[in-house]
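Peer 1: Chains as they are written, first to last, in my numbering: chain A, 1 to 244; chain B, 1001 to 1244; chain C, 2001 to 2244. Cβ atoms here follow ideal geometry from the backbone N, Cα and C, with glycine treated the same way.
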Amino acid sequence: MVETIVSGEILRTIARAIVALVSECRIHFLSKGLHSRAVDPSNVAMVIVDVPKDSIESYRVDVEKTIGVDINRIFEISKTIGSKDLVEVSILDETSLRIKFGSVEYNIALIDPSAIRKEPKIPELNLPAKIVLDAGEFKKAISATEKISENVVLKSDKHGFTIEAKGDIERITFTMTGSELIEFNGGEARSMFSIDYLREFCKVAGAGDLLTISLGTNYPGRFSFELVGGKVRVEYILAPRVES
Amino acid sequence: MVETIVSGEILRTIARAIVALVSECRIHFLSKGLHSRAVDPSNVAMVIVDVPKDSIESYRVDVEKTIGVDINRIFEISKTIGSKDLVEVSILDETSLRIKFGSVEYNIALIDPSAIRKEPKIPELNLPAKIVLDAGEFKKAISATEKISENVVLKSDKHGFTIEAKGDIERITFTMTGSELIEFNGGEARSMFSIDYLREFCKVAGAGDLLTISLGTNYPGRFSFELVGGKVRVEYILAPRVES
Amino acid sequence: MVETIVSGEILRTIARAIVALVSECRIHFLSKGLHSRAVDPSNVAMVIVDVPKDSIESYRVDVEKTIGVDINRIFEISKTIGSKDLVEVSILDETSLRIKFGSVEYNIALIDPSAIRKEPKIPELNLPAKIVLDAGEFKKAISATEKISENVVLKSDKHGFTIEAKGDIERITFTMTGSELIEFNGGEARSMFSIDYLREFCKVAGAGDLLTISLGTNYPGRFSFELVGGKVRVEYILAPRVES
Chain A
1 MVETIVSGEI
11 LRTIARAIVA
21 LVSECRIHFL
31 SKGLHSRAVD
41 PSNVAMVIVD
51 VPKDSIESYR
61 VDVEKTIGVD
71 INRIFEISKT
81 IGSKDLVEVS
91 ILDETSLRIK
101 FGSVEYNIAL
111 IDPSAIRKEP
121 KIPELNLPAK
131 IVLDAGEFKK
141 AISATEKISE
151 NVVLKSDKHG
161 FTIEAKGDIE
171 RITFTMTGSE
181 LIEFNGGEAR
191 SMFSIDYLRE
201 FCKVAGAGDL
211 LTISLGTNYP
221 GRFSFELVGG
231 KVRVEYILAP
241 RVES
Chain B
1001 MVETIVSGEI
1011 LRTIARAIVA
1021 LVSECRIHFL
1031 SKGLHSRAVD
1041 PSNVAMVIVD
1051 VPKDSIESYR
1061 VDVEKTIGVD
1071 INRIFEISKT
1081 IGSKDLVEVS
1091 ILDETSLRIK
1101 FGSVEYNIAL
1111 IDPSAIRKEP
1121 KIPELNLPAK
1131 IVLDAGEFKK
1141 AISATEKISE
1151 NVVLKSDKHG
1161 FTIEAKGDIE
1171 RITFTMTGSE
1181 LIEFNGGEAR
1191 SMFSIDYLRE
1201 FCKVAGAGDL
1211 LTISLGTNYP
1221 GRFSFELVGG
1231 KVRVEYILAP
1241 RVES
Chain C
2001 MVETIVSGEI
2011 LRTIARAIVA
2021 LVSECRIHFL
2031 SKGLHSRAVD
2041 PSNVAMVIVD
2051 VPKDSIESYR
2061 VDVEKTIGVD
2071 INRIFEISKT
2081 IGSKDLVEVS
2091 ILDETSLRIK
2101 FGSVEYNIAL
2111 IDPSAIRKEP
2121 KIPELNLPAK
2131 IVLDAGEFKK
2141 AISATEKISE
2151 NVVLKSDKHG
2161 FTIEAKGDIE
2171 RITFTMTGSE
2181 LIEFNGGEAR
2191 SMFSIDYLRE
2201 FCKVAGAGDL
2211 LTISLGTNYP
2221 GRFSFELVGG
2231 KVRVEYILAP
2241 RVES
């Protein structure tokens, strides 16, 4: 039996992070907290979500449990809940998830976890460049580039961190020097990524949330968000595109 | 001759209540106040609107008068008027309605009342259950159910009032006990209704408005809204759907 | 070489004024300030934009310069800039315009000015009626008329200024007497104009902006907006429609 109480904001953050890539997923109620990961249907991006049990208002898990859920539907429901509202999320039998807040109770059929695509192994990546910045800044930059291109080049060297996009008749460049970044190691890196994916990742975050970007050269990038005041950790790993 | 002055909010409330069901209607300027009623084209729902003359800023009706109007158009116009703005609504001849506020004056052709569908008789209903609640709460519940079903079951018994909807893979239940309701007689009732209609009814109201629901079993329900601080009374009667 | 610094609001206002009529235009960096004018593809309306150099934070123009630009794209970019943000707008070579603010830099290819439609001569108009009013009031009136007609009659005589539109079953009349207008000479005039154009013109302005309308009878009208606290002057000249 699993009985938890979380805030509306945490439930929404978890669901939004995952729907960026898949509509069904497995969720693990581990003794140390909640965990989920999934790869998108094109095998281009992976999401890893971790919520330690200390971030959860009340977390009672007798035996560790894995369920399959329609995460899209849970995201829709979570949007109707106030950020500070407390929500009971429970599994009382093998067939349904109960989400209860205020006077309303949802009972949602579970999906057999074995019917959901196998979870990915988390790759070990050796990434020389590390950039820490406000997620809101990154979001604004990505949203500007999407008007003119499908791809964006992320670049790091001792001078700073650069986001670059090229359209048919224009070019956009965002430049942040080390002193304008929250943390920066000046490592050398340059990789091109799909703007569509980056924009999906950014939806989970807002101004004030911390984003750590780890980059190599023509290599996958890691985008780690610290959300809900550090209570929820969402990490995306994204395959690079080949520059022509 | 009819010369009245109403607030923008009252004009908009009257118009919105009626457009939920029909686009043309009769309006009666009676000596005791304004009255209108209509049945929707599918004969499933009836709306009854009453505004006593004391709710109206200025109400001069020499001889009682019935007009036919394009209520849709009046609703559109009313949306451009501030809630507290005073509006002159007058009938100066047999052909047009004049709506005047600030520096703007609308003259709208009247419709021959005999060309508008006959008005319904208001049925006498013996409804055992009476539930009084905040219209905003009911609105939120209906808006949650519409995502998963076309129908909703409203249920009352000594334990409380319940709103229930069933989708293919989930179920939503709203439960309010007697102490959570503004007024409740614990009467036994259970009827199923179309969510589309209930959602249309709710558009007229917001948080803070009083809604009185009267129910029977597999029987029409009555939904009475007290609007604009009690100045406007809007009542809907809705036929039940048969549960399969 | 041209190097200027303007506020986001001024850049957006210039761009929005011009996109109302064309998507590409010439911009002249004159020693006295910035100037642009264009006629829409149907030859019905003309826009004239003037920003004196004193309205511009910093204005360094060594040699007067004319460029061709995709003004649509500049408008899109300007919408992402805060009103009070300072923007560097520079021409460093013959091929591109640089727009730089905060950490972002756009480089946009210029268009050969000779490939853009020839600029109109500004006609001399002898217009007997002059009406000065709040642009927000005019905007509201035009937005109300667009629901019922394609054309609007603007009328002036000693009694005041009137905006009139007729639909199939209704008529709207806005009336402002001399004392309700900011300035009014009571001149006799009556011309009909396309609502589509007037609505486009109004987008550039808001409540608090000054609009001067100059009218004749069945004659072009002039609509002059004082924007951004008088720093930007946008004038539209619009051909009349023939009343049937």
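Between the alpha carbons of Val1044 (chain B) and Ala1239 (chain B), how many angstroms are there, rounded?
Peer 2: Position 44 of the second sequence, counted from the first residue, corresponds to residue 1044 (chain B). Position 239 of the second sequence, counted from the first residue, corresponds to residue 1239 (chain B). Spanning the two alpha carbons is a distance of roughly 5 Å.
Peer 1: Give the DSSP bridge partners of Pro52 (chain A), in chain order.
Peer 2: In the first sequence, the residue the question calls residue 52 (chain A) occupies position 52. Its beta-bridge partners are A:Gly33.
Peer 1: Name the two residues that bound the continuous alpha helix (DSSP H) containing Asp2070 (chain C).
Peer 2: Counted from its first residue, the third sequence places residue 2070 (chain C) at position 70. Careful: Asp2070 (chain C) lies outside any alpha helix (DSSP H), inside the beta strand (DSSP E) at 2065-2070.
Peer 1: On a CA-only basis, which of B:Phe1193, B:Gly1216, B:Gly1136, B:Ile1148 is nearest Cys1202 (chain B)? Give me that one, please.
Peer 2: Counted from its first residue, the second sequence places residue 1202 (chain B) at position 202. Measuring from the Cα of Cys1202 (chain B), the nearest candidate turns out to be B:Gly1136.
Peer 1: Is it true that the region 1082-1093 of chain B meets the region 1001-1008 of chain B, where meeting means three or more beta-carbon pairs spaced less than 8 Å apart?
Peer 2: Output reads yes: the region 1001-1008 of chain B touches the region 1082-1093 of chain B.
Peer 1: Would Glu150 (chain A) pass as an interface residue toward chain C - the criterion being a Cβ-Cβ separation below 8 Å?
Peer 2: Residue 150 (chain A) sits at position 150 when you count from the first residue of the first sequence. Glu150 (chain A) does not count as touching chain C.
Peer 1: Hey, Leu2125 (chain C) and Leu2211 (chain C) are a contact pair by Cβ (cut 8 Å); roughly how many whole angstroms apart?
Peer 2: Locating residue 2125 (chain C) in the third sequence gives position 125, where the first residue counts as 1. Locating residue 2211 (chain C) in the third sequence gives position 211, where the first residue counts as 1. Contact flag wrong, Cβ pair sits at about 17 Å.
Peer 1: What did DSSP end up calling Thr2004 (chain C) once you bin it into helix, strand or coil?
Peer 2: Numbered from 1 along the third sequence, position 4 holds the residue referred to as residue 2004 (chain C). Looking at Thr2004 (chain C) - three-state DSSP - the assignment turns out to be strand.
Peer 1: Under DSSP, the alpha helix (DSSP H) around Arg199 (chain A) begins and ends at which residues?
Peer 2: Indexing the first sequence from 1 puts residue 199 (chain A) at position 199. Run containing Arg199 (chain A): 195-202, per the alpha helix (DSSP H) assignment.
Peer 1: Is the CB of Val22 (chain A) under 8 Å away from at least one CB in chain B?
Peer 2: The residue given as residue 22 (chain A) occupies position 22 in the first sequence. With 8 Å as the cut-off, Val22 (chain A) does not count as an interface residue toward chain B.
Peer 1: For the alpha helix (DSSP H) that Gly140 (chain A) lies in, which residues bound it at each end?
Peer 2: Against the first sequence, residue 140 (chain A) aligns to sequence position 140. Looking at the sequence shown, residue 140 (chain A) is not Gly but Lys. Note, Lys140 (chain A): alpha helix (DSSP H), 135-145.
Peer 1: Name the one or two DSSP bridge partners that His28 (chain A) has.
Peer 2: Your numbering for residue 28 (chain A) matches position 28 in the first sequence. DSSP output for His28 (chain A) lists A:His35, A:Thr66 as bridge partner(s).
Peer 1: Could you tell me the boundaries of the beta strand (DSSP E) in which Ala1239 (chain B) lies?
Peer 2: Your numbering for residue 1239 (chain B) matches position 239 in the second sequence. Taken as a continuous stretch (DSSP letters only), Ala1239 (chain B) belongs to no beta strand (DSSP E), as it is neither H nor E.
Peer 1: Which of the three DSSP states is assigned to Ile1108 (chain B) in this structure?
Peer 2: Numbered from 1 along the second sequence, position 108 holds the residue referred to as residue 1108 (chain B). Ile1108 (chain B) falls in the strand class under three-state DSSP.
Peer 1: From which residue to which residue does the beta strand (DSSP E) around Asp2157 (chain C) run?
Peer 2: Position 157 of the third sequence holds residue 2157 (chain C). Run containing Asp2157 (chain C): 2151-2157, per the beta strand (DSSP E) assignment.
Peer 1: For the beta strand (DSSP E) that contains Ile1213 (chain B), what are its first and last residues?
Peer 2: Residue mapping note: residue 1213 (chain B) aligns to position 213 of the second sequence, counting from 1. Ile1213 (chain B) -> beta strand (DSSP E) spans 1210-1215.
Peer 1: Does any residue of chain B have a CB that is nearer than 8 Å to the CB of Ala2239 (chain C)?
Peer 2: For the purposes of this step, residue 2239 (chain C) is taken as the residue at position 239 of the third sequence. No, Ala2239 (chain C) does not count as interfacial toward chain B.
Peer 1: Beta strand (DSSP E) containing Lys1118 (chain B): first to last residue?
Peer 2: Working through the second sequence from its first residue, we reach residue 1118 (chain B) at position 118. First-last for Lys1118 (chain B): undefined, no H or E at that position.
Peer 1: When you compare the CB positions of Val1061 (chain B) and Ile1027 (chain B), do they come within less than 8 Å of one another, or not?
Peer 2: Translated into the one-based positions of the second sequence, residue 1061 (chain B) becomes position 61. Translated into the one-based positions of the second sequence, residue 1027 (chain B) becomes position 27. It is not a contact, given that the beta carbons lie outside the stated cut-off.
Peer 1: Per DSSP, which residues does Tyr1059 (chain B) bridge with? Please list them.
Peer 2: Here residue 1059 (chain B) refers to the residue found at position 59 of the second sequence. Beta-bridge pairing links Tyr1059 (chain B) to B:Thr1004.
Peer 1: In whole angstroms, what is the alpha-carbon distance linking Lys2032 (chain C) and Ile169 (chain A)?
Peer 2: The residue given as residue 2032 (chain C) occupies position 32 in the third sequence. The residue given as residue 169 (chain A) occupies position 169 in the first sequence. Approximately 30 Å between the Cα atoms of the pair.
Peer 1: Locate the beta strand (DSSP E) running through Pro2170 (chain C), then write down its first and last residues.
Peer 2: On the third sequence, position 170 is the one that residue 2170 (chain C) refers to. The sequence shown places Glu at residue 2170 (chain C), rather than the Pro named in the question. From DSSP, the beta strand (DSSP E) with Glu2170 (chain C) extends over 2170-2176.
Peer 1: Which of the three DSSP states, helix, strand or coil, is assigned to Ala207 (chain A)?
Peer 2: Stepping through the first sequence from its first residue, residue 207 (chain A) is reached at position 207. DSSP places Ala207 (chain A) in coil when its eight states are reduced to three.
Peer 1: Along chain A, which residues have their Cβ under 9 Å away from the Cβ of Ala1017 (chain B)?
Peer 2: Translated into the one-based positions of the second sequence, residue 1017 (chain B) becomes position 17. What Ala1017 (chain B) touches in chain A: nothing, since even the nearest Cβ is about 26 Å away.
Peer 1: Going by the DSSP bridge assignment, what does Ile1148 (chain B) pair with across the sheet?
Peer 2: Along the second sequence, read from residue 1 onward, the residue named residue 1148 (chain B) stands at position 148. Beta-bridge pairing links Ile1148 (chain B) to no other residue.
Peer 1: Just grab the DSSP bridge partners of Val1089 (chain B) for me.
Peer 2: As a position in the second sequence, residue 1089 (chain B) is number 89, starting the count at 1. Answer is B:Thr1004, B:Ile1099.
Peer 1: Could you name the residues of chain B that Asp70 (chain A) contacts, counting a contact when the two beta carbons are closer than 9 Å?
Peer 2: Indexing the first sequence from 1 puts residue 70 (chain A) at position 70. By Cβ distance, chain B contributes Ile1169, Glu1170.
Peer 1: Taking Cβ-Cβ distances shorter than 9 Å, what residues in chain C pair up with Ala1115 (chain B)?
Peer 2: The residue you call residue 1115 (chain B) lines up with position 115 of the second sequence. Correct list: empty, because the minimum Cβ distance to chain C is about 13 Å.
Peer 1: Between Leu215 (chain A) and Ser156 (chain A), which are expected to be in contact by the criterion C-beta below 8 Å, what is the C-beta distance as a whole number of angstroms?
Peer 2: Taking the first residue of the first sequence as 1, we reach residue 215 (chain A) at position 215. Taking the first residue of the first sequence as 1, we reach residue 156 (chain A) at position 156. Confirmed, Cβ separation roughly 6 Å.
Peer 1: For a quick check, are the C-beta atoms of Glu226 (chain A) and Met192 (chain A) less than 8 Å apart?
Peer 2: Position 226 of the first sequence holds residue 226 (chain A). Position 192 of the first sequence holds residue 192 (chain A). Not closer than 8 Å, so no.
Peer 1: Does the beta carbon of Val1104 (chain B) sit closer than 8 Å to a beta carbon anywhere in chain C?
Peer 2: Here residue 1104 (chain B) is taken as the residue at index 104 of the second sequence, counted from 1. Answer yes: the Cβ-Cβ gap between Val1104 (chain B) and chain C drops below 8 Å somewhere.
Peer 1: Please tell me whether Glu2164 (chain C) and Val2153 (chain C) are closer than 8 Å, where the distance is taken between their beta carbons.
Peer 2: Numbered from its first residue, the third sequence carries residue 2164 (chain C) at position 164. Numbered from its first residue, the third sequence carries residue 2153 (chain C) at position 153. In this structure, Val2153 (chain C) lies closer than 8 Å to Glu2164 (chain C) by Cβ.
Peer 1: Just the C-alpha distance for Ala205 (chain A) and Val1228 (chain B), rounded to the nearest angstrom, thanks.
Peer 2: Mapped onto the first sequence, residue 205 (chain A) falls at position 205. Mapped onto the second sequence, residue 1228 (chain B) falls at position 228. Spanning the two alpha carbons is a distance of roughly 40 Å.
Peer 1: Go ahead and pull the three-state DSSP assignment for Glu2183 (chain C).
Peer 2: Walking along the third sequence from the start, residue 2183 (chain C) turns up at place 183. Correct three-state label for Glu2183 (chain C): strand.
Peer 1: State the DSSP-derived secondary structure class of Ala2129 (chain C), mapped to helix, strand or coil.
Peer 2: Here residue 2129 (chain C) refers to the residue found at position 129 when the third sequence is read from its first residue. Ala2129 (chain C): strand per DSSP, three-state reduction.
Peer 1: Comparing alpha-carbon positions, which option in A:Ile74, A:Gly187, A:Tyr236, A:Ile108 lies nearest Pro123 (chain A)?
Peer 2: The count along the first sequence starts at 1 and reaches residue 123 (chain A) at position 123. If we check each option's Cα against that of Pro123 (chain A), A:Tyr236 comes out closest.
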